[in-house]
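J.: The structure is given below, and queries will be raised subsequently.
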Amino acid sequence: RISRLVLLAPSMAWLKPRPLAPYVRLIPTQLGIFQPVPRPLVEMIVKQIVPGSDQEWTAAGIDEFVRSSVTPLGRAAFYAAARNIYLEEPRGPDGLWTRLGSLQRDALFVWGRKDSVVPIGFARHVRDELPAATHLELDCGHVPQLERPRQTHEAMARFLSRGSLDA
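Its first residue numbered 1073, the sequence shown is counted upward by one per residue in my numbering.
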């Protein structure tokens, strides 16, 4: 049975208007089957959104993404995930923010202050929905477990064993 959760740079449903949503809904996720993503494009995007992208772990992450996108099903899975993140309803009976407020487990949210993929501003909204949740803000981008591994893993171990970040 799960008693505690740790969420690293968690994807959150958009709260702002999504003007492209009607058009994105028309794009089939199977489109990814036909569009391989060239490594130089992946590298360019990573350099724009991940602070410290010149480090070895970034190259390993790029390698893993390119490896998984070699197959048509891997590409389709990526397209489906990206599409679902954008289209997920924020409110309503099945909305992420509605469901989040009913979470009954201790939760640690780890945020990167420099994260441009899931901006730290989402932490404020999570605090509104889950006032009892624990939050850790690190000086990193979207991948705290690789950018700040010691801080991230020590915090995870403390939280999962004790339910708090207190030493």
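Idealized CB from N, CA, C, for every residue including glycine.
Predicted model, so just to flag it, every value in this text is computed and none were measured.
Should M1228 go down as buried or exposed, given a rule of 16 or more other Cβ atoms within 10 Å for buried?
T.: M1228 comes out buried.
J.: So what does E1209 bridge to, in DSSP terms?
T.: BP columns for E1209 point to W1183.
J.: With a cut-off of 8 Å, does the C-beta of L1237 fall near any C-beta of chain E?
T.: Chain labels in this structure do not include chain E; a single protein chain is all it has.
J.: Would you call the stretch 1114–1131 and the stretch 1155–1163 touching, i.e. three or more CB-CB distances under 8 Å?
T.: No: the two stretches stay apart, fewer than three of their Cβ pairs being nearer than 8 Å.
J.: Opposite D1178 in the DSSP bridges: which residues?
T.: DSSP lists R1076 as partners of D1178.
J.: Which term fits A1093, buried or exposed, when burial requires 16 or more other beta carbons within 10 angstroms of its beta carbon?
T.: It is exposed - the Cβ of A1093 has fewer than 16 other Cβ atoms within 10 Å.
J.: Who are the Cβ neighbours of V1142 in its own chain at under 8 Å, not counting the five residues just before and after it?
T.: Contacts found: P1108.
J.: Alpha carbons only, please: which of H1225, F1106, W1129 and P1089 is nearest the one belonging to L1180?
T.: Comparing Cα-Cα distances from L1180 to each of H1225, F1106, W1129 and P1089, the minimum goes to H1225.
J.: How far does the alpha helix (DSSP H) with A1239 in it extend, from its first residue to its last?
T.: Where A1239 is concerned, there is no enclosing alpha helix (DSSP H), given that its DSSP letter is neither H nor E.
J.: Suppose you measure from the CA of P1216 to the CA of Q1102; what does that come to, to the nearest Å?
T.: Straight-line Cα distance between these residues: approximately 31 Å.
J.: Between which two residues does the alpha helix (DSSP H) harbouring D1135 extend?
T.: Start and end: E1128 to S1140.
J.: Taking 8 Å as the threshold, find out whether the stretch 1207–1216 comes into contact with the stretch 1178–1194 through three or more Cβ pairs.
T.: Yes, the stretch 1207–1216 is in contact with the stretch 1178–1194.
J.: Comparing alpha-carbon positions, which option in F1194, R1155, L1077 and W1086 lies nearest L1098?
T.: Comparing Cα-Cα distances from L1098 to each of F1194, R1155, L1077 and W1086, the minimum goes to R1155.
J.: Tell me the rounded alpha-carbon separation between V1198 and F1106.
T.: Answer to the nearest angstrom: the Cα atoms are 37 Å apart.
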